[in-house]
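Since the structure comes first, as structure tokens, the remarks are kept for the end.
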Amino acid sequence: MSIDLDPTAFDSGNQSGLDLPGLAGAAVVGTTAEAVAALGACRDLGPGLFFSDELDDIIEAKRLCQGCPVQTDCLSEAVARGERYGIWGGQLFEEGRIVLSKRRKGRPPRVPRPEDVLPEIEVPESFQYLVRASAN
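Just so we're on the same page, my numbering is the position in the sequence shown counted from 1, plus 159.
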């Protein structure tokens, strides 16, 4: 979901960029980035949850993104910046590609655990080219 913002709603005098703690402290400039910083579900969180290798953290981060009003804007900003790792707009990035599934470290269980399934967040058509091909 993309939102339309009044450009005067944010201080346009800040040209040095914003510190977005929930978004890995990335310094970005622009109305969309300011909207993500102000309205994002992650605005009051540190970057640790969004850059963890632990499956539980990845699941929690993706769940936070599911209902976020600036989810698509966050994903667009991350792609524009060339983000290589982390959760951005509800998508898991590894080496600059979107990864749709991930499993815990170690030997996989014979029967998949329901709690280990990543929340499914649709990848917008314009970003399908970033989806890593399945290794099946």
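Yeah, the Cβ is synthetic: ideal placement off N, Cα and C, and Gly gets one too.
Task: Selection from Arg291, Asp203 and Arg262 that minimises the alpha carbon distance to Glu254 - done: In the sequence shown, residue 254 corresponds to position 95, counting from 1. Minimum Cα distance to Glu254 is reached at Arg291.
Open item on the list: For a minimum of 3 consecutive residues, which ranges assigned as the beta strand (DSSP E) are wholly contained in the stretch 194-262?
Closed with: 245-247, 250-253 and 256-258
Open item on the list: Between the alpha carbons of Tyr288 and Leu234, how many angstroms are there, rounded?
Closed with: Taking the first residue of the sequence shown as position 1, residue 288 is located at position 129. Taking the first residue of the sequence shown as position 1, residue 234 is located at position 75. Going from the Cα of Tyr288 to the Cα of Leu234 covers about 13 Å.
TODO: Just mark Ala239 as buried or exposed, buried being the case when its beta carbon has 16 or more other beta carbons within 10 Å.
DONE: Translated into positions along the sequence shown, residue 239 becomes position 80. Counting Cβ neighbours within 10 Å, Ala239 comes out exposed, since fewer than 16 surround it.
Open item on the list: Can you confirm whether the stretch 250-270 touches the stretch 196-206 when touching is taken to mean that 3 or more C-beta pairs between the two stretches lie within less than 8 Å?
Closed with: no
- [ ] Evaluate Gln230 with the Cβ neighbour count: other Cβ atoms within 10 Å of its Cβ, from every protein chain shown; 16 or more gives buried, anything less gives exposed.
- [x] For the purposes of this step, residue 230 is taken as the residue at position 71 of the sequence shown. Buried, because 16 or more other Cβ atoms sit within 10 Å of the Cβ of Gln230.
Open item on the list: Just to confirm my understanding: we take Ala237, look at its own chain, exclude 5 residues before and 5 after, and list those with CB closer than 6 Å. What are they?
Closed with: Mapped onto the sequence shown, residue 237 falls at position 78. Answer for Ala237: Trp247, listed in chain order.
- [ ] Please classify Asp212: is it buried, with 16 or more other beta-carbons within 10 angstroms of its beta-carbon, or exposed?
- [x] In the sequence shown, residue 212 corresponds to position 53, counting from 1. So Asp212 ends up on the exposed side.
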